[in-house]
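Chains F and H, in that order, give the protein sequences. With the working numbering applied, the first sequence corresponds to residues 666 to 1017, in that order. With the working numbering applied, the second sequence corresponds to residues 217 to 667, in that order.
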Amino acid sequence: MTLEVVWFCLAGLALAVYVVLDGFDLGVGIIHRLVARSPDERRLTQASIGPVWDGNEVWLLAAGGTLFLAFPKLYAIGIGGFYLPVQLLLWLYIGRALGIEMKHHAIGGPVWAELWDTIFAASSLAIALFLGVALGNVVRGVSFDPGGRFFAPLWTDLSPASERVGILDGYTVLVGVTAACGLALHGSLWLTDRTRGPVAERSASLSRRLFVASAALAALTTAATLWVQPLALAAVRERPVVLAFPVAAAAALAVCRFEMAKGRARRAFLASSAFLACMFASAAASLYPHLLPAARGAGGLTIETASASRYALGVGLIWYIPGLVLTAGYFFRNYRRLPASLSTSDLEAHHD
Amino acid sequence: MDALGLHRLHFAFTITYHYLFPQLTMGLGLFIVIFKVMAYRRGDAVAADAARFWSKVFGLNFAMGVATGVPMEFQFGAGWSRFSEAAGGVIGQTLAMEGLFAFFLESSFLYLLLFGEKKMSPRAHLGVAVLVFAGSWLSGWFIIVTNAFMQHPVGYTLADDGTIILTDLFAYLTNPWAFWQYLHTMLGSVITAAFVVASISAFYLLSGKHLEHAKKCLGVAVVVGAAATVLVAFPAGDAQAKMVAKHQPVTFAAMEGHFHTEDGAGLVMIGQPNMETLTLDNPIIVPRFLSIMTHQRWDTRIEGLTSFDRSTWPDNVPLLYYAYHVMVGLGTMFMALMGLSLLLLWRKRLFSARPVLWALMLALPLPYVANTAGWLTAELGRQPWIIHGLMRTRDGSTLEVSSGNVLFTLLGYMGLYTVLSALFLVLAMRIIARGPSAAPERPPAEPARGG
């Protein structure tokens, strides 16, 4: 296994961990107005993610740093090319952090809380859609110019088969909706597991509906991917082992539904985590060795053309792996400290 | 304005605004550790309250640093993709290290620092404070190493296609430039925190509120502040200026407003650079002092700006000159104010010396100005290079992004940051108005039992 492959896996790992971890707090954001109705219930949903959401988001920074280290050309050309959506996404993250933090401060009162709850919900939904659209763009590929760079317009003719593809088209929006739905499911399972009382009941019932939508959308997206990106079909033909990931994703989804039916929310949540990770891994494996392919076929950035020097990749491993182990330590510790489940009666009377 | 100019303004604006927060975070981290140690060692209840109070300010300030810092991770690629492509194989190392070793550490323990006191032993909670402090200072180290590479590249080789290849990670991490720059920057951040603590404590003393708390905080702030204001100039600032003189002689001449080569050059105190006549208007100069400061000899020759090819001059000499002199001037003032306060503290007269308390209270924004001016000096001084001697700034920007798009997102950040500023000020004033309280903070929505 070459160093480039190792770093492809590490960057993929960091991104997958981000999707799974920030995924549930984004999901909680998306659905919290539906499942938590009273002010106390809203405080409950936020308390369930309060100690961890910030750390979860750091995985995005870690993944960004990892790509910068290992594949600087991808980081440079990719973020430069997706200039507008990247900046918009960053604004949404700022808005979301405000939504979570501002509610308890300053003016107070029910409308004030509702305002920031709404901002939290709207920005969570928008971020989930954006992240899905971003993944859709990476899978579909972009229209490189002859110099090997690109600038992606927000939309062109909305077709993934276009001469010059835009950020929004039928396919990428489909992936965005799939992602938003999948993360909402993930978040609803988190709330089912981590809360007790009406919020948990509503989350459980919502998760059953979200499950059907997620499963259907995941199947549709998988089919669409095979149609949009010829590399995916080629990967399946040349390296059938790639099929292990979508098969594992489907299995995880089946386990998830089984555990939901049995009322074992913790296991259902873990299965949903496995589902998201496997879906992400399917996308990465079907593109391999591409990092950012060209739309409709050949060319694009691969792990060979975009990577940093041999020395940088080698020496980076020496500190990256211990850093990862250390980080895993903090996270295990923090998640173990979380209360197994919360109900509104656990919340201290709020004194502002 | 062309796209390049807008890219520069975009990065300058977002990074300058961002750095308003980390400079207080890093310095305040030290103060919190000091208060927690005092509380732990001596069972000092006032110090324990002080640690809690400043942790609240820290938490708010930290959140602002994160909100404005997340975009920074992506601005290198967004606005400076050719630079990122060429240098990412080197600077990607420290930016990834920052994520793995600093951000995870801070984000994992900040919540415990703010809300974990009731559930932890005092010793463990002190440990948490030390970890958060260490995380923020580590973060500073990784950023300074990254910047030091742009100022004084080491540990690399140049490939045929212009890509900069890392050859020695250890040399890169121990860049001699980074050492002094780090010390200077961190002391600058300690000074910001010392003035913030002193200013708010002076406000309480003048208002006749929270007197015990204010006296304790002001005492610590003055002792730490007096030490830091001296150390930031000598040895840190002095050593850094000598490094600039050695490795970036053009920058040094421009900073000092030194236009013409001279044996035994004088030190400019004030004066206005005139870029048409290439002289200094209305100057006050201490004869021979620049040579003495830089080389410890009264007759050493110091090359003036006109001795260098104009294409290597920093592109905005007056702004560089003024930024540097604003920093040095304010630094001198800080030394005087903190020195006087220390003297009064020692004579046990500080807490009733109203004029000095007023001066300390009013000084709050000045260290922010000085730190900003210092960074302007570093970054303008490096021009026209984005990596000194290796890559010109004009060759580093993203070409695919049109100037309209850059302007659009720049205005977007300006608007968003205006809102952030307003919210920050409201919340900060609320924390200050409430003052310290004896009870450990509970999270806004935390289980009363469990865990």
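Virtual Cβ for every residue (Gly too), placed ideally from N, Cα, C. Keep in mind that this is a model prediction, so the values were computed, not measured.
| Query | Result |
| --- | --- |
| Runs of beta strand (DSSP E) wholly within the stretch 440-494 of chain H (minimum 3 residues, chain order) | 483-490 |
| Amino acids of chain H, ordered along the chain, whose beta-carbon sits closer than 7 Å to that of His955 (chain F) | Residues of chain H passing the Cβ test: none, with the nearest at roughly 18 Å. |
| Check whether Leu626 (chain H) and Val412 (chain H) have beta carbons under 9 Å apart | no |
| Closest by C-alpha distance to Phe785 (chain F), when choosing among F:Ile759, F:Asn802, F:Gly677 and F:Ala817 | F:Ile759 |
| Residues sharing a beta bridge with Pro958 (chain F), DSSP | F:Gly965 |
| Straight-line gap, Phe624 (chain H) to Leu882 (chain F) (C-alpha atoms, nearest Å) | 35 Å |
| Residue-level contact to chain H via CB, Trp892 (chain F), 9 Å cutoff | no |
| Span of the beta strand (DSSP E), counted from its first residue to its last, around Thr857 (chain F) | Looking at the DSSP string, Thr857 (chain F) is not in any beta strand (DSSP E); the run it does join, the alpha helix (DSSP H), is Gly835 to Arg859. |
| Under 9 Å between C-beta atoms of Ala973 (chain F) and Ala728 (chain F) | no |
| Identified DSSP bridge partners for Asp497 (chain H) | H:Gln488 |
| Uninterrupted alpha helix (DSSP H) stretches inside the stretch 254-337 of chain H (no shorter than 4 residues) | 261-295, 297-313 and 320-331 |
| For Asp858 (chain F) and Ser1006 (chain F), the rounded distance between their alpha carbons | 7 Å |
| Within 9 Å, strictly: CB atoms of Ala971 (chain F) and Leu668 (chain F) | no |
| Pick from F:Leu754, F:Leu957 and F:Pro775 that is closest to Glu969 (chain F), judged by C-alpha positions | F:Leu957 |
| Within chain F, partners of Gln309 (chain H) - CB distance below 7 Å | Leu734, Ala977 and Gly981 |
| Three-way DSSP call (helix, strand, coil) for Met217 (chain H) in this model | coil |
| Under 9 Å from the C-beta of Leu800 (chain F): neighbouring residues of chain H | Chain H residues near Leu800 (chain F): none, gap ~17 Å exceeds 9 Å. |
| Rounded C-alpha distance that separates Cys921 (chain F) from Gly441 (chain H) | 58 Å |
| Test item: CB-CB of Lys431 (chain H) and Ser417 (chain H) under 9 Å | yes |
| Partners in chain F for Phe319 (chain H), counting only beta-carbon separations shorter than 8 Å | Val723, Leu726 and Ala727 |
| Candidates F:Ser824, F:Ala844 and F:Val842: closest to Gly835 (chain F) by CA position | F:Ser824 |
| Among H:Gly480, H:Asn532, H:Asp454 and H:Phe450, nearest to Asn201 (chain H) - alpha-carbon criterion | The shown model of chain H, from 217 to 667, leaves out residue 201 (chain H), and the question about it has no answer. |
| Leu636 (chain H) at chain B interface by Cβ criterion, 9 Å | Considering every chain present, this structure includes no chain B. Its protein chains are F and H. |
| Three-pair Cβ contact test at 8 Å for the stretch 391-405 of chain H versus the stretch 421-440 of chain H | no |
| Strand pairing of Trp820 (chain F), partner residues [DSSP] | F:Leu833 |
| Delimiting residues of the beta strand (DSSP E) encompassing Trp529 (chain H) | Note, Trp529 (chain H): premise wrong, no beta strand (DSSP E); not H, not E. |
| 8 Å CB neighbourhood of Ala664 (chain H) in its chain, flanking five on each side removed | Bear in mind that a pLDDT of 43 at Ala664 (chain H), under 50, signals an unreliable position, so the number given afterwards is only what the model happens to contain. Contacts found: none. |
| Cβ pair Gly694 (chain F), Ser788 (chain F) closer than 9 Å | yes |
| Anticipated Cβ contact below 8 Å, Ser507 (chain H) with Thr495 (chain H), distance rounded | Between Thr495 (chain H) and Ser507 (chain H) the Cβ distance is about 19 Å, and since that is not below 8 Å, they are no contact. |
| Residue-chain proximity (Val670 (chain F), chain H), Cβ-Cβ < 9 Å | no |
| Cβ distance (whole Å) where Gly730 (chain F) is taken to contact Leu311 (chain H) below 8 Å | 5 Å |
| Neighbour flag for Ala340 (chain H) against chain F, beta carbons, 9 Å | no |
| For Trp591 (chain H), the three-state DSSP class (helix, strand or coil) | helix |
| Any non-hydrogen atom of the ligand SAM within 8 Å of Leu854 (chain F) CB | Absence of the ligand SAM from the depicted structure is noted, as is the absence of any ligand whatsoever, leaving it without description. |
| Sequence-distant residues of its chain with Cβ nearer than 7 Å to Val864 (chain F) (five each side left out) | Val700, Ala701, Glu706, Leu709, Thr710 and Leu856 |
| Trp514 (chain H), enclosing beta strand (DSSP E) - first and last residue | Element bounds for Trp514 (chain H): n/a, residue is neither H nor E. |
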